[in-house]
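Written out below as structure tokens is the structure these notes cover.
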Amino acid sequence: MGKSKDTPSSGGKSSRKSAGKAFDLDDPKLPKRIDHGALQSGHYPYDSKMDSHAYEDELRLLQIELLKLQAHVRDAGMRLVVLFEGRDSAGKGGTIRRFMRHLNPRHAQIVALSKPNEREAGEWYFQRYIRRLPTKGDIALFDRSWYNRAGVERVMGFCTPEETERFLQVVPTFERMLVDDGIVLMKIWLNIGREMQMKRFHARRHDPLKQWKISDVDLAAIEKFDAYTIARDELLSRTHTEYAPWTVIRANDKKRTRLNALRLVLSHCDYEKKDEKIVGVPDPKIVLPAPAFLADRGD
26 MGKSKDTPSS
36 GGKSSRKSAG
46 KAFDLDDPKL
56 PKRIDHGALQ
66 SGHYPYDSKM
76 DSHAYEDELR
86 LLQIELLKLQ
96 AHVRDAGMRL
106 VVLFEGRDSA
116 GKGGTIRRFM
126 RHLNPRHAQI
136 VALSKPNERE
146 AGEWYFQRYI
156 RRLPTKGDIA
166 LFDRSWYNRA
176 GVERVMGFCT
186 PEETERFLQV
196 VPTFERMLVD
206 DGIVLMKIWL
216 NIGREMQMKR
226 FHARRHDPLK
236 QWKISDVDLA
246 AIEKFDAYTI
256 ARDELLSRTH
266 TEYAPWTVIR
276 ANDKKRTRLN
286 ALRLVLSHCD
296 YEKKDEKIVG
306 VPDPKIVLPA
316 PAFLADRGD
């Protein structure tokens, strides 16, 4: 079950603290240890964020390449599906918006489902996701996906352990069917460190323009960081396959995350007039196959 962005956070005082550490989300002042440690938390390799001017220049060129890819998808009748998963506040929505900014919206869609309605709750688990898969010539970008069952639903107790286990057993077969039918399926996990998540939640709590982004599920995620880590590791290890592999992007710097997600998709696909120099290769310091990430995750 995906959390709905329309779900407001509780208006009263929150007593949420992080894993027993002295972090009060309602205190307007962010502790220095969190602020200073956020960027390099979770084994992040850079000690400063990317320059904004360089980012904007690279982003524009990569978005031009993405338009070339979309034209190829249309001409070739491809079906491209990209799943974006990760912890709350990992930057999934912002990354997807950079993908969509200049694409033709008639043939590219964002799929961001809220909790299932009564009818959907009575259906086969995958059914409502199948309805959002693209037709020939289209692109679908999933802001969370069927992997809710092994992530937020598992951690928050929205499904039973038996339902999670059943999902982990059958999802490789489900994805095999998609790939065998011709869908190009990419799975991207955006990973952020504990302190970075705290910092982003704190900003959402105290910035009036961002308060709509935070829900009670987000608040609970602070306390359940370690439980999410366990769920993430099992999800990645059991559903990473040769035909539907996971790629992890260390996502503490939003600018690097967005550029590398674009590079990852562009480098994976062949299309006409592709500028290999502009596309380049994803940064190996922060973009890793799931097995390599799990071997040295640092969190």
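Just so it is clear: in the sequence shown, position 274 is 299 by our numbering, and no numbers are missing. Glycine included, each C-beta is placed from N, C-alpha and C at the ideal position. Computed from a predicted model, the values in this text were never measured in an experiment.
In this chain, the alpha helix (DSSP H) harbouring Ala146 covers Glu143 to Ala146. Trp214 is the residue among Trp214, Leu92, Ser114 and Cys184 whose C-alpha sits nearest the C-alpha of Thr272. Every beta strand (DSSP E) stretch that sits fully inside the region 147 to 192 and reaches 3 residues is listed by chain position as 163 to 168.
The DSSP assignment places 57 to 62 as complete runs of the alpha helix (DSSP H) inside the region 42 to 78, in order along the chain (cut-off: 4 residues). Where Lys212 is concerned, the enclosing beta strand (DSSP E) starts and stops at Val209 to Asn216. Cβ contact annotation for Tyr80 (same chain, cutoff 6 Å, sequence separation greater than five): Lys280, in chain order. By the C-beta density criterion, Tyr268 is exposed, having fewer than 16 other C-beta atoms within 10 angstroms. Closest by C-alpha distance to Val98, out of Pro141, Asp163 and Phe226, is Asp163. Distance from the CA atom of Lys249 to the CA atom of Leu291, rounded to whole angstroms, is 34 Å.
Proximity of the region 215 to 230 to the region 138 to 155 falls short of the contact definition, fewer than three beta-carbon pairs being nearer than 8 Å. With a cut-off of 8 Å on Cβ pairs, the region 220 to 232 is not in contact with the region 152 to 160, counting fewer than three such pairs. When only Cα atoms are considered, Ile255 and Asp100 end up about 42 Å apart. When DSSP states are grouped into helix, strand and coil, Leu105 belongs to the strand group. With a threshold of 16 other beta carbon atoms within 10 Å, Leu92 falls short and is exposed. Leu108 and Lys298 have their C-alpha atoms roughly 26 Å apart. Note on the region 267 to 294: whole beta strand (DSSP E) runs with a minimum of 3 residues are 271 to 275, in chain order. Burial check for Ser77: the Cβ neighbour count within 10 Å stays below 16, so the residue is exposed.
Here Glu297 carries a coil assignment [DSSP, helix/strand/coil].
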